[in-house]
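Student: Sharing a structure here in structure tokens format.
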Amino acid sequence: MNKLDLSITIICKNEAQNLPRLLRSLDFASEIILVDDHSTDESVDIATSFGAKVFQRTFDGFGQQKNFAASKASHEWILSLDCDEEVTQELKESISKVLKNADHHLYSVDRKTFFLGQFIRFGGWYPDQVARFYRKSMAKFSEPKVHEVLTSHESQSPRVLDGSLNHYSFATISSQVERNMKYAKLGAKQYIEDHGRPSLIAVFFRPFWKFIECLFLKAGILDGVAGIIIALNASYSMFMKYTFAYFDFSKDLKRIGE
């Protein structure tokens, strides 16, 4: 496949373990933009070895980082990716078809997430549709503390591309716990801004309900041991989010252990 007039944008922080797999799958794009938050591992060296253009920027939010990356892109069409993802051949071909005859400006893609080497089919993890492919003049990411969303300036709903993104989110249980804790802290900040202090009922009830939802209502138990671990971690992450928010993350986090 010839290289497409397409910019790949990536945000990064100490992702040397994941980057080679992602970058090897980007041979179809003519430009790779990587925004790095001052990594201390070999992330930057790996990115430049694959021809990526690297920009340093201190992290201030996922949406903010991704929009900055888009501002550095040379092409109108952008595919925004995370370091723990991989573009499949079918998705590459689907993107190529769109670029030849585009009548839409916002597209989403199905992600197939792997946990402990297992494809996770249940628990709300599949299909995981994420909007990632877009015209930069027609869409941008929202900029909350966490859970950024790519939205059209014209309120256009995304179309789904053929093919999928392989998502290697957590190689180990400890990496999932670490990532969930990061999101819990960011989520607590956002919750305080949006709603103020949560009730004690919410602190204890919402994590319990999250566990029930993941394991039974969304059939996570059908993924076996991996599904149970995912449900427990999701519940714990929600518990920490509401606990941080209850004690006012911005003021009193030190006393509950940062």
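Residue numbers (our numbering): 488 to 745.
The beta carbon of each residue, even a glycine, is placed where N, CA and C say it ideally should be.
Here's a check: name, in chain order, each residue in its chain whose Cβ is nearer than 8 Å to the Cβ of residue 572, leaving out the five neighbours to either side.
Tutor: Stepping through the sequence shown from its first residue, residue 572 is reached at position 85. Within the same chain, residue 572 has close Cβ partners 509, 598, 652, 653, 654, 655.
Student: Among residues of its own chain, excluding the 5 on either side of residue 735, which ones have a beta-carbon nearer than 8 Å to its beta-carbon?
Tutor: Your numbering for residue 735 matches position 248 in the sequence shown. If we look at residue 735 and ignore the five residues flanking it on each side, its Cβ neighbours are 679, 684.
Student: My output table needs one value for residue 663: the three-state DSSP class, helix, strand or coil.
Tutor: Position 176 of the sequence shown, counted from the first residue, corresponds to residue 663. In the structure shown, residue 663 sits in a helix (DSSP, three-state: H, G or I).
Student: Are residue 578 and residue 648 touching if we call contact CB-CB under 8 Å?
Tutor: Locating residue 578 in the sequence shown gives position 91, where the first residue counts as 1. Locating residue 648 in the sequence shown gives position 161, where the first residue counts as 1. Yes. Within cutoff.
Student: Tell me whether residue 725 is buried or exposed, calling it buried when 16 or more other Cβ atoms sit within 10 Å of its Cβ.
Tutor: Position 238 of the sequence shown holds residue 725. By the 10 Å Cβ count, residue 725 comes out buried.
Student: From the DSSP output, which residues share a beta bridge with residue 496?
Tutor: Within the sequence shown, the letter at position 9 stands for residue 496. DSSP lists 520, 567 as partners of residue 496.
Student: Which residues bound the alpha helix (DSSP H) around residue 534?
Tutor: Mapped onto the sequence shown, residue 534 falls at position 47. Element bounds for residue 534: 530 to 536.
Student: Where does the unbroken beta strand (DSSP E) through residue 600 begin, and where does it stop?
Tutor: Along the sequence shown, one-based indexing puts residue 600 at 113. Counting along the chain, the beta strand (DSSP E) containing residue 600 begins and ends at 593 to 602.
Student: Can you list, in chain order, the residues of its chain whose CB lies under 8 Å from that of residue 632, leaving out five sequence neighbours each side?
Tutor: Along the sequence shown, one-based indexing puts residue 632 at 145. These residues qualify, in order along the chain: 548, 673, 674, 676, 677, 680.
Student: Using a Cβ-Cβ cutoff of less than 8 Å, which residues in the same chain neighbour residue 657 once the five nearest sequence positions on both sides are dropped?
Tutor: Along the sequence shown, one-based indexing puts residue 657 at 170. Within the same chain, residue 657 has close Cβ partners 602, 603, 663, 666.
Student: Quick one: measure Cβ to Cβ for residue 498 and residue 531, integer angstroms, because I've assumed they're closer than 8 Å.
Tutor: In the sequence shown, the residue the question calls residue 498 occupies position 11. In the sequence shown, the residue the question calls residue 531 occupies position 44. Their Cβ separation, rounded to whole angstroms, is 13 Å, which puts residue 498 and residue 531 out of contact at 8 Å.
Student: Could you spell out where the beta strand (DSSP E) holding residue 653 opens and where it closes?
Tutor: Working through the sequence shown from its first residue, we reach residue 653 at position 166. It spans 646 to 657 - the beta strand (DSSP E) in which residue 653 sits, taken as one unbroken run.
Student: May I ask which residues mark the beginning and end of the alpha helix (DSSP H) holding residue 577?
Tutor: Taking the first residue of the sequence shown as position 1, residue 577 is located at position 90. Segment 576 to 587, the alpha helix (DSSP H) holding residue 577.
Student: Can you round the beta-carbon distance between residue 527 and residue 505 to whole angstroms, since I take them to be within the 8 Å contact cut?
Tutor: Working through the sequence shown from its first residue, we reach residue 527 at position 40. Working through the sequence shown from its first residue, we reach residue 505 at position 18. The pair is not a contact, with the Cβ atoms about 15 Å apart (cut-off 8 Å).
Student: Determine the direct distance from the alpha carbon of residue 581 to that of residue 491, and round the result to whole angstroms.
Tutor: The count along the sequence shown starts at 1 and reaches residue 491 at position 4. The count along the sequence shown starts at 1 and reaches residue 581 at position 94. Going by the C-alpha atoms only, they are around 12 Å apart.
Student: By the 10 Å Cβ neighbour count, where 16 or more other Cβ atoms means buried, how is residue 511 classified, buried or exposed?
Tutor: Counting from one through the sequence shown, the residue named residue 511 turns up at place 24. For residue 511, the number of other beta carbons within 10 angstroms of its own is below 16, and it is reported as exposed.
Student: Looking at C-alpha atoms only, which residue of 727, 617, 706, 623 is the closest neighbour of residue 557?
Tutor: Translated into the one-based positions of the sequence shown, residue 557 becomes position 70. It is 623.
Student: Please report the residue range of the beta strand (DSSP E) in which residue 620 lies.
Tutor: Against the sequence shown, residue 620 aligns to sequence position 133. Looking at the DSSP string, the run of the beta strand (DSSP E) that includes residue 620 is 615 to 622.
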